[in-house]
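Read the structure below first, then the notes.
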Amino acid sequence: MQVLIANQSHFSDLIELHQSVFQALHPDASPESGATQGRLRARNEINSGLSLLAYDNAPSLDNNSPAHLLGRCVLHENFTDVIHLSRLYVMPQYRRQGTASALVLSALLLGTMARYRILSLDTIASLQPACNLYRKLHFTELSAQEASIAHLWPNTNMTAESIFFIHDLPATIQARQELTKSLQGFSTSLEPLPARDELRGALRR
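Heads up: the sequence shown begins at 104 in my numbering, then just goes up one per residue.
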């Protein structure tokens with residue numbers, strides 16, 4: 104598995120992913136409507152924040168070993184020391200294969216390399232597989248009182264059913280190495296990594 108930072112060369116794959124999401128949410132919509140929404144949403148995503156894409160192989164210019172997009176997540180800077188993970192989605196045919204874990208671990212590693220202090224995310228209680236994943240990866244679930252102020256954070260969409268999680272990002276070299284080892288456990292690599300300032304610039308869009 105290869106996790107990459109999205110750019111214009113991944114546009115067509117993002118269109119396919121957004122079509123899949125749209126059709127799942129709107130099963131009665133026409134394929135034409137799904138295609139239109141896919142293009143619009145993919146373009147918006149490329150131009151805002153930073154998307155991490157998980158592929159089964161590294162995309163190449165030839166078609167000898169085509170790469171398939173497995174899933175993605177989006178990262179935004181909330182505060183100087185905090186980044187927020189949102190829109191974690193794995194294509195239906197690639198679920199239960201470790202893709203979501205690899206994306207979240209990649210987000211933690213990327214946030215660490217860019218020297219952020221905390222990674223935050225929110226989900227809803229009914230999405231038990233997602234909640235269980237975050238707990239397994241040692242995210243801290245905020246109490247109801249703590250979560251009550253989370254709606255003040257940018258890039259979040261808190262509702263009565265929302266659950267807010269945070270994860271302290273590794274501050275020591277040893278902790279970073281352990282995170283990298285965890286990612287390698289999913290046979291996943293995250294490369295090439297841009298310089299810290301370039302990363303922060305993308306996360307602030």
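Where is the CB? At the ideal position from N, CA and C, for every residue including glycine.
(request) Would you give the residue range spanned by the beta strand (DSSP E) that E180 belongs to? (result) The residue you call residue 180 lines up with position 77 of the sequence shown. It spans 172-182 - the beta strand (DSSP E) in which E180 sits, taken as one unbroken run.
(request) Keeping to the same chain, check which residues put their C-beta closer than 7 Å to that of V193; ignore five residues upstream and five downstream. (result) For the purposes of this step, residue 193 is taken as the residue at position 90 of the sequence shown. Closer than 7 Å at Cβ, skipping near neighbours: L173, G174, T202, A203.
(request) May I ask you to list the residues that DSSP assigns as paired with V46? (result) An answer regarding residue 46 cannot be provided, because it is not within the stretch 104 to 308 covered by the chain.
(message) Per DSSP, what are the beta-bridge partners of V193 in this structure?
(response) Walking along the sequence shown from the start, residue 193 turns up at place 90. Beta-bridge pairing links V193 to G174.
(message) Let's see if you can read the secondary structure: which residues bound the beta strand (DSSP E) around D271?
(response) The residue you call residue 271 lines up with position 168 of the sequence shown. From DSSP, the beta strand (DSSP E) with D271 extends over 265-271.
(request) Could you spell out the range, first to last residue, of the beta strand (DSSP E) harbouring Q105? (result) Counting from 1 along the sequence shown, the entry for residue 105 is found at position 2. Per DSSP, Q105 is one residue of the beta strand (DSSP E) stretching across 105-108.
(message) If I follow the unbroken beta strand (DSSP E) through A157, where does it start and stop?
(response) Along the sequence shown, one-based indexing puts residue 157 at 54. A157 -> beta strand (DSSP E) spans 153-158.
(request) Note down the Cα distance separating K239 from D271, rounded to an integer number of angstroms. (result) Locating residue 239 in the sequence shown gives position 136, where the first residue counts as 1. Locating residue 271 in the sequence shown gives position 168, where the first residue counts as 1. Rounded to whole angstroms, the separation of the alpha carbons of D271 and K239 is 14 Å.
(request) Might you give, ordered along the chain, the residues of its own chain that have their beta carbon closer than 6 Å to the beta carbon of I269, omitting 5 neighbours on each side? (result) Residue numbering aside, residue 269 sits at position 166 when the sequence shown is read from its first letter. Answer for I269: I221, S223, T243, listed in chain order.
(message) Check for me: the alpha helix (DSSP H) holding S229 runs from which residue to which?
(response) Against the sequence shown, residue 229 aligns to sequence position 126. In the DSSP assignment, S229 falls outside any alpha helix (DSSP H), carrying neither H nor E.
(request) Report, in whole angstroms, the separation of the C-beta atoms of A205 and L117, which I expect to be a contact under 8 Å. (result) What you label residue 205 is simply residue 102 of the sequence shown in a count that begins at 1. What you label residue 117 is simply residue 14 of the sequence shown in a count that begins at 1. With 8 Å as the limit, A205 and L117 do not qualify as a contact, their Cβ atoms being about 18 Å apart.
(request) Would you decide whether T183 is buried or exposed? Buried here means 16 or more other CB atoms lie within 10 Å of its CB. (result) As a first step, residue 183 is located in the sequence shown; it is residue number 80 there, counting from the start. That one is exposed.
(message) Less than 7 Å between C-beta atoms, sequence neighbours within five positions excluded: which residues of the same chain meet that for A210?
(response) Counting from 1 along the sequence shown, the entry for residue 210 is found at position 107. By the criterion of a C-beta distance shorter than 7 Å, A210 is surrounded in its chain by L155, C176, L178, L188, L222, once the five residues flanking it on both sides are discounted.
(message) Quick check on this structure: which residue in G137, I227, T226, A157 has the alpha carbon closest to the alpha carbon of Q200?
(response) Your numbering for residue 200 matches position 97 in the sequence shown. Of G137, I227, T226, A157, the residue nearest in Cα terms is A157.
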